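Below: the structure, in structure tokens.
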Amino acid sequence: MGQALWRLPLDAGQQQQLQEELVDHLADREQQRAGEQATREGGPQSRPPQHCHGLGTDIYQLLRRGGRAQHRFIDLEMLPPELSITILSYLNATDLCLAGCVWQDLGHDEYLWQGLCKSTWGHCSIYNRRLPSGFSYRRLYLQLDEGSLTFNGNAHEGISYFMSKGILVDHPMELAKFIFYTRRLNCKMLRMYLDERRDVLDELVTLHNFSNQFLPNALRGFFRHIHAPEERGEYLETLIIKFSQRFCTCNPALVRELGLSPDAVYVLCYSLILLSIDLTSPHVKNKMSKREFIRNTRRAAHNVSDDFVGHLYDNIYLIGHVAA
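Position one of the sequence shown corresponds to residue 14 (my numbering), numbered consecutively onward.
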């Protein structure tokens, strides 16, 4: 099948034959329905499964009938190419290889493997370069999978593997984009790598856009990509400092309206983390009240209003930990 998915799969003669068979099939169905209605006197009629939304069930029944007659699976080339691609786009790498056992050459279709690569690893340096002759997205997928597994065992070895295969270039922004758009990297290894590569961390922070986001929600999104360490220390302090600066850069109007500054956001972030631990930890019996949180926070951040601090408390109380 292969590349045929992206062009009309039938020539004019085949299309005319398919239309004629479809007309005959519709006529047979009308006669069958009339007979069923006469014998059952208005009883519930069986309905074909709604598998092909937008194309009607008649095409599905026609293709299924042809498949039974020839004792084979439905030929995807008989479907419109857009529908075939939509069906196959839901397959992962394993299912795609298994499907290739049924539909010949499907497991080697480059368009499908390209979609798998870019949906799993959203950014790689190799995507933006001229691809050499004989390049295979299927081989690239296997290399990306191997490199990710290597990274999850040793971060530096994983990055070195990607570079040795030409998948990544040793540039902080390229590495930051790869990390930002990839969800298959072990958080512990990623934390260790970013702690050592502060240049990559700096670029990674700039990829976040916190415009018009409430402070706790922005902090959650930040820690979703850059995982917070399990203990307080210099690295956590560095993360909060960088977040505070980026948050103020993305929200200049909010900074002016509320009188915020990077230092004030820094204090609020630490207060949110401590409040999250207090409210979510089963070991803390006496939970901090809203009044206590406002009082403690206002001692460190004098320019922030009580209403704003109260909204921060409500967010943590209702939604949960900012660094979970």
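Yeah, the Cβ is synthetic: ideal placement off N, Cα and C, and Gly gets one too. The structure displayed is predicted, hence computed values, not measured ones.
- Message: I believe Ser257 touches Pro229 by the beta-carbon criterion, under 8 Å. Please report the beta-carbon distance rounded to the nearest angstrom.
- Response: That belief does not hold up - the Cβ atoms of Ser257 and Pro229 are roughly 13 Å apart, past 8 Å.
- Give me whichever residues DSSP pairs with Trp134 in a beta bridge. Thr195
- Nearest-angstrom Cβ-Cβ length linking Leu325 and Leu281, presumed shorter than 8 Å: 7 Å
- Is there contact between the stretch 306-326 and the stretch 283-292, where contact requires at least three CB pairs shorter than 8 Å? yes
- Quick one: give me the first and last residue of the alpha helix (DSSP H) that Gly323 is part of. Run containing Gly323: 319-332, per the alpha helix (DSSP H) assignment.
- Limits of the alpha helix (DSSP H) - the one that Glu244 falls within: Taken as a continuous stretch (DSSP letters only), Glu244 belongs to no alpha helix (DSSP H), as it is neither H nor E.
- Task: Report the option in Leu203, His296, Leu292 whose CA atom is closest to the CA atom of Lys303.
- Result: Leu292
- Message: Check for me: the alpha helix (DSSP H) holding Val213 runs from which residue to which?
- Response: 211-219
- Item | Straight-line gap, Cys130 to Thr262 (C-alpha atoms, nearest Å) | 33 Å
- Nearest candidate by alpha-carbon position, reference Arg204, set Arg237, Asn222, Phe223, Leu181: Arg237
- Report buried or exposed for Lys201, applying the criterion of at least 16 other Cβ atoms within 10 angstroms of its Cβ. exposed
- Item | Own chain, CB closer than 8 Å to Ile329, minus 5 neighbours either side, in chain order | The beta carbon of Ile329 is closer than 8 Å to those of Pro229, Leu285, Leu288, Ser289, Leu292, Val335 in its chain, skipping five residues each way along the sequence.
- Item | Extent of the continuous alpha helix (DSSP H) run through Ser161 | 150-166
- Message: For Gly67, count the other beta carbons within 10 Å of its own beta carbon; 16 or more makes it buried, fewer makes it exposed. Which is it?
- Response: Caution applies to Gly67, whose pLDDT of 44 falls short of 50 and renders its modelled position unreliable; the value that the coordinates give is listed next. With fewer than 16 Cβ atoms within 10 Å of its Cβ, Gly67 is classed as exposed.
- Message: Measuring alpha carbon to alpha carbon, tell me which residue in Asp320, Arg259, Pro295, Met176 is nearest Gln226.
- Response: Arg259
- Task: State the Cα-Cα distance for the pair Tyr154 and His184, rounded to the nearest angstrom.
- Result: 22 Å
- Rounded to whole angstroms, how far is the Cβ of Gly160 from the Cβ of Ile180, which I believe are closer than 8 Å? Sure, about 7 Å apart at Cβ, within 8 Å.
- Beta carbon of Ser149 nearer than 7 Å to that of Glu187: No, the Cβ-Cβ distance between Ser149 and Glu187 is not below 7 Å.
- May I ask which residues mark the beginning and end of the alpha helix (DSSP H) holding Lys303? 303-313
- Indicate the three-state DSSP secondary structure (helix, strand or coil) for Ile180 in the structure shown. coil
- Item | Backbone secondary structure at Pro185 - three-state DSSP | helix
- Message: Considering just the uninterrupted stretch of the alpha helix (DSSP H) at Arg143, what are its terminal residues?
- Response: Run containing Arg143: none; DSSP gives neither H nor E here.
- Message: Can you look up His296 in the DSSP assignment and give me helix, strand or coil?
- Response: coil
- Item | Tyr103 classed as buried or exposed, judged by whether at least 16 other C-beta atoms fall within 10 angstroms | Per the 10 Å Cβ criterion, exposed.
- Query: Do Val218 and Lys178 have their CB atoms nearer than 7 Å?
  - Reply: In this structure, Val218 sits away from Lys178, with a CB-CB distance that is not shorter than 7 Å.
- Query: If Glu170 sits next to Ala189, beta carbons under 8 Å apart, how far is it from one beta carbon to the other, in whole angstroms?
  - Reply: At roughly 19 Å, the Cβ-Cβ gap does not stay under 8 Å, so Glu170 and Ala189 are not in contact.
- Using the C-alpha atoms, what's the distance from Tyr248 back to Arg211? 10 Å
- Message: With a threshold of 6 Å on Cβ separation, who are the neighbours of Val268 within its own chain once the five nearest residues in sequence on each side are excluded?
- Response: Cys261
- If we ignore side chains and look at the alpha-carbon of each, how far apart do Gly135 and Asn299 end up? Rounded to whole angstroms, Gly135 to Asn299 spans 45 Å at the Cα level.
- Item | Selection from Ile332, Asp208, Leu331, Asp320 that minimises the alpha carbon distance to His240 | Asp208
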